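Okay, structure first, notes after.
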DNA sequence: ATGGCAATAGAGTATTGA
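Numbering (the working numbering), first residue to last: 857 to 1112.
Okay, here's the thing in structure tokens:
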């Protein structure tokens, strides 16, 4: 089973890329972030025609998440039941006995800002909800844009980024509370090339110069981590015309 | 230190992203 996550930065603009990528990479489950579409504008017919069922939760202009699946999705949950949030950043569903959570963690803008406080409160609530979900679902995967680079090796220039947004000790500690639940970063279960990133700034030729961050992650419960046999970042879509600034992360799970 | 690029809303420019 192949599972993946991709922040598409507008599904309206990126639908051709999504369909192109899926035709070459027919993953079983794909979590999308930043669809930026209200539900009435979601391209349901095109995604169904590509062979996928889909659960989605969107809003105008910002945020918006979706889970595409070749198998039926059940027990669909929108947002964290422990956290009242007008922003559509989470959708969850059970697929083939696995609980999937698609998450778009707040950006946070700048350490100490109001948006940063929101990010930290949001992550604390996510932790509490995940603890309950993991107790109920031993097979759990949470995929998405975490807007946190876990370690300095996930940052193109740790000195330049300092202790700013996406790399601050507080954010890394919040991510650490998730791994303390037993969740494993699928990418780091395996040997990986140095300077592997999942996002590059549009500006300053960020991609060409590989000035990136690894902020998109697949976290797996212990049972699923034991089934994981590969995890890769697919840089290819970032080379296409008018790309998202993020690129897909794909994990392979051994069949039971 | 700032802005640089892209998407959106909406009609010139502001906001947000990371």
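Ideal placement from N, C-alpha and C gives every residue a C-beta, glycine not left out.
Remember, predicted model here, so these are calculated numbers, not experimental data.
Residues near residue i by beta carbon distance below 7 angstroms, same chain, minus five either side
i	result
residue 953	995
residue 907	926
residue 1052	1070, 1089
Start and end residues, beta strand (DSSP E) containing residue i
i	result
residue 1140	With the chain covering 857 to 1112 only, the question about residue 1140 has no answer from this structure.
residue 879	Counting along the chain, residue 879 falls outside any beta strand (DSSP E), though it belongs to the alpha helix (DSSP H) covering 867 to 880.
residue 891	Neither: residue 891 is in no beta strand (DSSP E) and is coded neither H nor E.
residue 1000	996 to 1001
residue 1109	1105 to 1109
residue 955	954 to 960
Nearest residue (CA-CA) to residue i, options the options
i	options	result
residue 960	982, 967, 973	982
residue 1013	864, 895, 1066, 930	1066
residue 1090	1073, 1079, 1077, 1037	1073
residue 870	1055, 1097, 1105	1097
residue 874	913, 894, 924, 896	924
residue 1110	884, 878, 1049	884
residue 984	1030, 1040, 970, 962	1030
residue 1002	988, 987, 993, 1032	1032
residue 909	974, 950, 1024, 862	950
residue 936	948, 1007, 1020, 1081	948
residue 998	973, 972, 889, 1057	889
Chain-order list of residues whose beta-carbon lies under 6 angstroms from that of residue i (same chain, five-residue window excluded)
i	result
residue 1043	1087
residue 993	955
Contacting residues, own chain, Cβ-Cβ under 8 angstroms from residue i (five flanking each side not counted)
i	result
residue 977	939
residue 1038	990, 1077, 1078
residue 1046	1086, 1087
Helix, strand or coil at residue i [DSSP, three-state]
i	result
residue 917	coil
residue 988	helix
residue 1091	coil
residue 903	helix
residue 938	coil
Opening and closing residue of the alpha helix (DSSP H) in which residue i lies
i	result
residue 1083	1078 to 1083
Original post:
Between the segment 1094 to 1101 and the segment 1056 to 1072, do three or more beta carbon pairs fall short of 8 angstroms?
Top reply: yes
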